[in-house]
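Novice: In UniProt numbering, the protein residues as written are 1 to 709. Following this message is one structure expressed as C-alpha cells.
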Amino acid sequence: MDVWKYELYGFSFECNINGFLQQASDEFERVMVGVQSYLRIRRHSHDIGFSIFETAADRKDFLEDLWDRIQVLCLKGWKADSVPRPHLSFEAQLVAGKAFTLPPIHCPLPSTISSFHSAIATEREKHDALLKYPRRLQRLNIFSSDKVENMQPIDRFVVEEYLLDVLLFFNGCRKECAAYLVGLPVPFRYEYLMAETIFSQLLSLPQAPFKSMYYTLVIIDLCKALPGAFPAVVAGAVRALFEKIVDLDMECRTRLILWFSHHLANFQYIWPWEEWAYVKDLPKWAPQRVFVQEVLEREIRLSYWDKIKQSIENAPALEGLLPPKTGSCFKYSAESEQESGEGRKLSLELNSMVKGRKPAHEIISWIEDNVVPAHGIKFTNEVVIQNLLDIGSKSFTHLITVLERYGQVISRLCSDESMQVLVIDEVSSYWKNNTQMTAIAIDRMMGYRLISNLAIVSWVFSDVNVSQFHLSDRSWEILGNAINKTYNRIFDLRKEIQSLEKDIFLALEATVKAQNEYESAESKLDIIDGQSVHAEKPGRLKRLKAYADKVREEETSLRDSLEAKEALLIRALEESKALFISLYKCFRNVLMERLPSLSPDGEWPNLRGGHTVGMAVDSEEPPKMDVDRENGNSNSLLDVDGTANAYNIGEQEQWCLTTLGHVKAISRQYAKEIWPHIEVLDAEVFNEEIHPLFRKAAYDGLCRSIIES
Numbered sequence: 001m002d003v004w005k006y007e008l009y010g011f012s013f014e015c016n017i018n019g020f021l022q023q024a025s026d027e028f029e030r031v032m033v034g035v036q037s038y039l040r041i042r043r044h045s046h047d048i049g050f051s052i053f054e055t056a057a058d059r060k061d062f063l064e065d066l067w068d069r070i071q072v073l074c075l076k077g078w079k080a081d082s083v084p085r086p087h088l089s090f091e092a093q094l095v096a097g098k099a100f101t102l103p104p105i106h107c108p109l110p111s112t113i114s115s116f117h118s119a120i121a122t123e124r125e126k127h128d129a130l131l132k133y134p135r136r137l138q139r140l141n142i143f144s145s146d147k148v149e150n151m152q153p154i155d156r157f158v159v160e161e162y163l164l165d166v167l168l169f170f171n172g173c174r175k176e177c178a179a180y181l182v183g184l185p186v187p188f189r190y191e192y193l194m195a196e197t198i199f200s201q202l203l204s205l206p207q208a209p210f211k212s213m214y215y216t217l218v219i220i221d222l223c224k225a226l227p228g229a230f231p232a233v234v235a236g237a238v239r240a241l242f243e244k245i246v247d248l249d250m251e252c253r254t255r256l257i258l259w260f261s262h263h264l265a266n267f268q269y270i271w272p273w274e275e276w277a278y279v280k281d282l283p284k285w286a287p288q289r290v291f292v293q294e295v296l297e298r299e300i301r302l303s304y305w306d307k308i309k310q311s312i313e314n315a316p317a318l319e320g321l322l323p324p325k326t327g328s329c330f331k332y333s334a335e336s337e338q339e340s341g342e343g344r345k346l347s348l349e350l351n352s353m354v355k356g357r358k359p360a361h362e363i364i365s366w367i368e369d370n371v372v373p374a375h376g377i378k379f380t381n382e383v384v385i386q387n388l389l390d391i392g393s394k395s396f397t398h399l400i401t402v403l404e405r406y407g408q409v410i411s412r413l414c415s416d417e418s419m420q421v422l423v424i425d426e427v428s429s430y431w432k433n434n435t436q437m438t439a440i441a442i443d444r445m446m447g448y449r450l451i452s453n454l455a456i457v458s459w460v461f462s463d464v465n466v467s468q469f470h471l472s473d474r475s476w477e478i479l480g481n482a483i484n485k486t487y488n489r490i491f492d493l494r495k496e497i498q499s500l501e502k503d504i505f506l507a508l509e510a511t512v513k514a515q516n517e518y519e520s521a522e523s524k525l526d527i528i529d530g531q532s533v534h535a536e537k538p539g540r541l542k543r544l545k546a547y548a549d550k551v552r553e554e555e556t557s558l559r560d561s562l563e564a565k566e567a568l569l570i571r572a573l574e575e576s577k578a579l580f581i582s583l584y585k586c587f588r589n590v591l592m593e594r595l596p597s598l599s600p601d602g603e604w605p606n607l608r609g610g611h612t613v614g615m616a617v618d619s620e621e622p623p624k625m626d627v628d629r630e631n632g633n634s635n636s637l638l639d640v641d642g643t644a645n646a647y648n649i650g651e652q653e654q655w656c657l658t659t660l661g662h663v664k665a666i667s668r669q670y671a672k673e674i675w676p677h678i679e680v681l682d683a684e685v686f687n688e689e690i691h692p693l694f695r696k697a698a699y700d701g702l703c704r705s706i707i708e709s
C-alpha cells in the first residue's frame, strides 16, 4: 500500500495553502521532498489485466498522475478554481487561530510471507487483494486534446471526484443523480469530462462499480437535461470509441454494444448510420463491421426487424448486416422440401400427439417402439427436437410449457453428452436466423438439466462454431450464459447454505429454550396427601412437550435441508471444475492449431503487425460543445488524401486476437472460481508445451505473473 497516498489527497484538496506555507514552509517543503523521493523509487503499478485497451501503453498510474497535477498546482500558486472557498469569510479568525499538533501516523508493517508459502498461494492472495481493496478509476482519455474543456490538471481531478461521488451516493436515484451531475458548483463547463468519467465507470474492469443499467439511465437523463450539449458529447464519445474498437478489450466491447443498442432504443433508434456505411466494404472479420452488425442485431431484439431496417434507410449498404427477417427454420413445414418425406409423416404424427396432450411416457414409448428401431437415434432426435421447438416457437411462455411438459422426452433422447450436442445442433438449426431465441432455448434447456454445461462447451468448440468466433458474438453469448448459470448455481447454493446455517442456529436456541422450559415445568413438584405430584397443570405440560418436539423437528428438518444443499454445492463445485478444465482444454486445442509459431530466436508472433487501420482526421477548428461534427460525416478509415484505407489484419490473425481476447475476459470475470483449480490447470493445460500468447491471455485475466510461473 502506498503510504503517501493520504498526503497526496490532502494536498490535492488544499484550498488556501498560502497561510500554511507562511507558518510552516520548512515542514511543507520536507513533505514535498519526501513524496518526490518516494515516487522516484516506487514501483510502477500498471495491471494489463484490467486495462480497457489491449494495446495500452505503459502510462502513468494514478499516484504518478496525481503527483504531476499537484506539481502543476504548486507552480500556479496553489489556486484551484474547482474548489469552493467558504472559508474566506473567516480567514482572519483561521489565521489567528490556535495550532494543534496532530499525533503521528504509524503504518502497520507489511506481513512477512512464510518460506513455505507457495507461489500459487501468493499469486492468489494478490488477486484477492486486488478485488478486495478499492481501486482508483482509470479514466478513459476518449477525446482528443482540442475537444476537451480547457481547465487545470488539478481541476480535472477535483471535478472527476465530484462526479464519482455523485454517482456513488445517488446510485439507484437516476433523476437526482443527473440533476446533481449537471449542477456542480464550478465556474467552467465539464460535459466532455463528465462523459469520460461515466464511460470510464461503465467500461471499468473487472466489473463496473454499479449495474450497467444505472449508467444507461443516467446518460439518458443527462441527454434530456442538457439537450443542447450532452447528446453531441455522447455521440462524439461513441465515435471515438468506435475508431478504437480494434484495441478495445472484448468484455468492454460487449458492454459498449449492449449500452449503445439500449441507448438508441430510448431515442427512436436515431443515429447517422451513413457515417459507418463504409464498414460494409471492410472484411467480414473487421471489428468495426462486427460491432455495427452486433448493434443492429441487439436493436432488433429490443424492437422489430422492419423498424430497424427503416432506421438505417440513409445507409442502405448496412442492410446486408441485418440478420434474416424470417425467424424459425422448421425442417418439416408444409413448404419445406421434405414435405412428402418420412420425416414429415413422423412430424405430423408427433404433432398430433402433442396437441392431443398425450403424456410424456406415451410419447417416449412411441419413440422407443416405433421410431428409433426404424430410423435410428439421430434422425429421431432431429424430428422430435424440431417439432417440440416448433410447437414452442410462438412465445417464450410456449417454449417453457413445452420444456416442462415434455422435458422427459428430450432427457430420454439425450442421455449422454454426444446426444446433447446433437440437441443443441437442432436448436441452432431451428433458430439459425434468431440469435436471441437460440440463446434462450439453450439456456432454458440447461436450466431444466436437459443438457449439461460440458455439452454446451463441446458444441461451442465444434468446427462450425469455431470458424465463426471472430465474425459473430453468437457462440460467445451462449458460452457466457452457460458459465453464468453454473456460477449462479454455486452462488445461490452458498447463499442458501448461509441462510440455513443462520436458521439452524436460531432453531437450536429455540430447541434448547423449549426443552428447558418443559424440563423445568416437569420438575416442579407439589406434596399432596404425602405424595409428589406435578405442580404444573397436565394441559400445560402437554403443550410444552408438543412445542419442544415441534421445534426439535424443525431443527432436524433444517439440518436435513442443509445436508442436502451442501451435497448439491459439492456437486455444483465439481461441475464448475469440470467446466473450466474442459473450457481451457478446448481453448488450448483450437489456439494451438491456429496461433503462429514462435520465430527461430524465440520471439513471439505479432498478431497486429499488419494493423494499418486509419483513424479519424481531427479538424483544426476550435472545439465546439454544442455540435461535435458539423457535417455529420465521418472520415474514419481515410488517409490524408481521402482514399479508403483497408483493414489489413488477416482473417487468421483476427481470429486469434478475438479468441485470445475472450480467453482473457473469461479468465478475469471468473477468476474467483478458477483459482481453486489452478494447480490442475497448470498440470493439464498451462504446461511447457503451451503457446506463450495463450498463457499470457489467461494469466493476464487471472492477474498472474508469467515470469514466476
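Quick reminder that beta carbons are idealized off the backbone N, C-alpha and C, glycines included. As the structure is a computational prediction, the values presented were derived from the model and not from experiment.
1. With DSSP as the reference, please indicate the residues paired to F53 in a beta bridge.
2. May I have the straight-line CA-CA distance separating Q436 from R301, to the nearest angstrom?
3. One question on the structure: do L130 and F53 come within less than 9 Å of each other, judged by their Cβ atoms?
4. Do residue 710 and K325 have their CB atoms nearer than 9 Å?
5. What is the C-beta distance between E426 and N381, in whole angstroms, given that I count them as a contact (C-beta under 8 Å)?
6. Take E673 as the anchor and find which of L702, D682, H662, A646 has the nearest alpha-carbon.
7. Which of the three DSSP states is assigned to S523 in this structure?
8. Alpha carbon to alpha carbon, how far is K175 from D221?
9. With a floor of 4 residues, list each alpha helix (DSSP H) that falls wholly inside the UniProt domain "MIF4G-like type 1" (189-312), ordered by position along the chain.
10. Just verifying my parser: in three-state terms, what is the DSSP assignment at K325?
11. Quick one, which of D369, K585, P676, R298 has its alpha-carbon nearest R695's?
12. For P316, which three-state DSSP category applies?
13. Determine the extent of the alpha helix (DSSP H) in which T380 is found, giving its start and end residues.
14. Within 10 angstroms of the Cβ of R543, are there 16 or more other Cβ atoms? Answer buried if so, exposed if not.
15. Give the C-beta separation of L296 and Q288 to the nearest angstrom, bearing in mind that I take them to be a contact with Cβ-Cβ under 8 Å.
16. Around the C-beta of A119, are 16 or more other C-beta atoms found within 10 angstroms, so that it is buried, or is it exposed?
17. Take L39 and list the residues in its own chain whose beta-carbon comes closer than 8 Å to its own, dropping the five residues that flank it on each side.
18. Would you grab the beta carbon distance between L657 and L607 for me? Rounded to a whole angstrom, and I think it's under 8 Å.
19. So, for Y670: in the same chain, excluding its five sequence neighbours on each side, which residues have a beta-carbon less than 7 Å away from its beta-carbon?
20. Counting Cβ pairs, one atom from each stretch, are 3 or more of them under 8 Å apart for the region 571-591 and the region 450-457?
21. Closer than 8 Å is the cut-off here; do at least three beta carbon pairs connect the region 507-523 with the region 471-480?
22. Less than 9 Å separating the beta-carbons of F143 and A208?
23. Quick check on the DSSP output: the alpha helix (DSSP H) that includes I41 runs from which residue to which?
24. With distances taken from CA atoms, which of E679, E593, Q652, N387 is nearest K284?
25. Counting Cβ pairs, one atom from each stretch, are 3 or more of them under 8 Å apart for the region 675-692 and the region 495-508?
26. Would you mind giving the Cβ-Cβ distance between V290 and L508, rounded to the nearest angstrom? I have them listed as a contact below 8 Å.
27. For L167, which option in M151, Q293, L140, T216 has the closest C-alpha, if you only look at C-alpha atoms?
28. Using only alpha-carbon positions, find the residue among S212, Q36, D416 that is nearest to R449.
29. Distance, Cα to Cα, I442 vs Q386?
30. For the alpha helix (DSSP H) containing S458, list its first residue and its last residue.
31. Could you check the C-alpha separation between N434 and F170 for me, to the nearest Å?
32. Give me the residue from K224, R704, M419 with the minimum Cα distance to G376.
33. Between which two residues does the alpha helix (DSSP H) holding D560 run?
34. With burial defined as no fewer than 16 other Cβ atoms inside 10 Å of the residue's Cβ, what is the status of residue 715: buried or exposed?
35. Contact defined as beta carbons within less than 8 Å: I believe D473 pairs with T122. What is the distance between those atoms, to the nearest angstrom?
36. Report the option in R189, I490, E349 whose CA atom is closest to the CA atom of N150.
Specialist: According to the structure data:
1. L248.
2. In a straight line, the C-alpha of Q436 is about 7 Å away from that of R301.
3. Result no, Cβ atoms of L130 and F53 do not sit closer than 9 Å.
4. Residue numbering for the chain in the displayed model covers 1 to 709; residue 710 lies beyond these limits and cannot be assessed.
5. The pair is a contact, with the Cβ atoms about 7 Å apart (cut-off 8 Å).
6. Nearest C-alpha to E673: L702.
7. Helix.
8. Between K175 and D221, the C-alpha separation is close to 7 Å.
9. For the UniProt domain "MIF4G-like type 1" (189-312), the full-length alpha helix (DSSP H) segments reaching 4 residues or more read 191-202, 212-225, 230-243, 250-265, 287-302, 305-311 along the chain.
10. Coil.
11. Ranked by Cα distance from R695, the first of D369, K585, P676, R298 is K585.
12. Annotated three-state conformation of P316 is helix, per DSSP.
13. Taken as a continuous stretch (DSSP letters only), the alpha helix (DSSP H) holding T380 covers 372-391.
14. With fewer than 16 other CB atoms across the displayed protein chains lying within 10 angstroms of its CB, R543 is exposed.
15. Not really, about 13 Å apart at Cβ, beyond 8 Å.
16. Exposed, since its Cβ has fewer than 16 Cβ neighbours within 10 Å.
17. Result list for L39: W4, L63, E64, W67, in chain order.
18. Indeed, because the Cβ distance is near 5 Å, the residues count as touching under 8 Å.
19. Counting only Cβ-Cβ distances below 7 Å, and skipping sequence neighbours, we find I483, Y487.
20. Enough Cβ pairs lie closer than 8 Å, so yes.
21. Result no; under three Cβ-Cβ pairs closer than 8 Å.
22. Their beta carbons are not under 9 Å apart, which means F143 does not touch A208 by this criterion.
23. Its alpha helix (DSSP H) spans residues 25-41.
24. Of the candidates E679, E593, Q652, N387, the one whose C-alpha sits nearest the C-alpha of K284 is Q652.
25. Between the region 675-692 and the region 495-508 there are fewer than three inter-stretch CB-CB distances shorter than 8 Å, so the stretches are not counted as touching.
26. The pair is not a contact, with the Cβ atoms about 58 Å apart (cut-off 8 Å).
27. Among M151, Q293, L140, T216, the Cα nearest to that of L167 belongs to T216.
28. With distances taken between CA atoms, R449 lies nearest to D416 out of S212, Q36, D416.
29. Between the C-alpha atoms of I442 and Q386 there is a straight-line separation of about 14 Å.
30. Per DSSP, S458 is one residue of the alpha helix (DSSP H) stretching across 453-460.
31. Between N434 and F170, the C-alpha separation is close to 38 Å.
32. Looking at the Cα atoms, M419 is the closest of the given residues.
33. For D560, the enclosing alpha helix (DSSP H) stretches over residues 538-594.
34. In the structure as shown, the chain begins at 1 and stops at 709. Residue 715 is therefore absent and cannot be evaluated.
35. Not quite, the Cβ-Cβ distance comes to about 36 Å (not below 8 Å), so this is no contact.
36. For N150, the closest C-alpha among the options R189, I490, E349 is that of R189.
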